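Read the structure below first, then the notes.
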Amino acid sequence: MRRDVFDSNLYSRSRRGYNPPTEGIEMRGEFLDAALLLVDIQNDFCPGGALAVSEGDRIVPTVNRLMPRFPLVISTQDWHPANHISFKERGGPWPPHCVQGTRGAELHADLKTGRIAHYFRKASSADRDDYSEFAGTDDRGRTLDEVLRSHNVTKLYVVGLATDYCVLETVLDGLKHGYEVNAVTDAMRAVNVNPADGELALQKMARSGAHLVTSDEVLNQAGSSARAT
Ligand SMILES: [Zn+2]
0 MRRDVFDSNL
10 YSRSRRGYNP
20 PTEGIEMRGE
30 FLDAALLLVD
40 IQNDFCPGGA
50 LAVSEGDRIV
60 PTVNRLMPRF
70 PLVISTQDWH
80 PANHISFKER
90 GGPWPPHCVQ
100 GTRGAELHAD
110 LKTGRIAHYF
120 RKASSADRDD
130 YSEFAGTDDR
140 GRTLDEVLRS
150 HNVTKLYVVG
160 LATDYCVLET
170 VLDGLKHGYE
180 VNAVTDAMRA
190 VNVNPADGEL
200 ALQKMARSGA
210 HLVTSDEVLN
220 QAGSSARAT
């Protein structure tokens, strides 16, 4: 069934004329076991939100361009009760953000959700916080690792908000779970409580074994493999 979905997507892209069909065949080989993981691209982490990340919204067009290249796209959300332990009134580091059911917790409105196959939510009980999306569950109670394995995913491409917290911990956890992890550096933004935090997070990802890639490299990868055949 996934193959049908993917093929119809290729068809619509080639109808628009910017990808020869052969590229799709190669891309499928390259990316068949890959998933694009959208970390917490929510209103509260974008300008105007309760815990705004500078330029957080700027990643949305890039993420939208990446999505059609992947057979599997998964989205996550920070999803807190109103009395969450990470909030300042309970001694936590953050202002209230991503409160369940509020507009701030919704995905950014410009994000094209049509290709998102699974939605995960994390940190949804009052007394526990988590930055890694591997701590979340989907609407059937499954963990991210379970769903990725059910799709035979071995490679993760991670984008989203914020580089120095949830993206970082998700990348590190992905490596611990045995995935090849690629961090798409121009499709993420950092909180930067300290100005270098984002850069330090990228360094930590790389030191831990993640690949730092750009969206252009991901988008071109399929094209270059197609030309090689
Ligand atoms: Zn949070």
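Numbering (numbering that gives the first Met the number 0), first residue to last: 0 to 228. Glycine residues also receive a C-beta, built at the ideal position from the N, C-alpha and C atoms. The structure displayed is predicted, hence computed values, not measured ones.
- Contact between the segment 29 to 41 and the segment 155 to 166 is present: three or more C-beta pairs spanning the two stretches fall below 8 Å.
- If you draw a straight line from the Cα of T169 to the Cα of T184, it comes to about 14 Å.
- In the DSSP assignment, the residues bridged to V180 are L155.
- Following the DSSP letters along the chain, one finds Q202 in no beta strand (DSSP E) but inside the alpha helix (DSSP H) bounded by residues 196 to 206.
- Counting only residues of its own chain and dropping the five nearest sequence neighbours on each side, V217 has a CB closer than 7 Å to the CB of L65, R68, Y156, V183.
- By the C-beta criterion, the segment 186 to 193 is judged to be in contact with the segment 54 to 61, since at least 3 inter-stretch pairs fall below 8 Å.
- K87 carries a helical assignment under DSSP once its states are collapsed to helix, strand and coil.
- The residues I73, D137, V146, in chain order, have a CB closer than 7 Å to that of H117 in the same chain once the five nearest residues on each side in sequence are set aside.
- For W93, the pairing in a beta bridge is given by DSSP as F86.
- Q220 carries a helical assignment under DSSP once its states are collapsed to helix, strand and coil.
- When beta bridges are read from the DSSP output, K121 appears opposite D77.
- In the structure shown, I115 falls within a strand segment according to DSSP collapsed to helix, strand and coil.
- If the five residues before and after V62 are omitted, its C-beta is found closer than 7 Å to the C-beta atoms of L37, I40, L110, V158, A186, all from its own chain and listed in chain order.
- Using a 10 angstroms sphere on the CB of D43, the tally of other CB atoms reaches 16 or more, which defines it as buried.
- Here Y164 has Y130, V190 as same chain residues with Cβ atoms under 7 Å from its own Cβ, once five neighbours each way along the sequence are excluded.
- Shown here, A34 sits in a strand according to DSSP, grouped into three states.
- For D77, the Cβ falls inside the 6 Å cut-off from some heavy atom of ligand 1.
- Nearest Cα to L174 within the set P194, V152, V192: V152.
- Annotation for L171: the continuous alpha helix (DSSP H) segment containing it runs 167 to 175.
- The three-state secondary structure of R102, taken from DSSP, is helix.
- Apart from the 5 residues on each side of it in sequence, W93 sits with its Cβ closer than 8 Å to the Cβ of L50, S85, F86, K87 in its chain, given in chain order.
- In the three-state DSSP reduction, L147 falls in the helix class (H, G or I).
- Here E179 has T153, K154, L155, H210 as same chain residues with Cβ atoms under 8 Å from its own Cβ, once five neighbours each way along the sequence are excluded.
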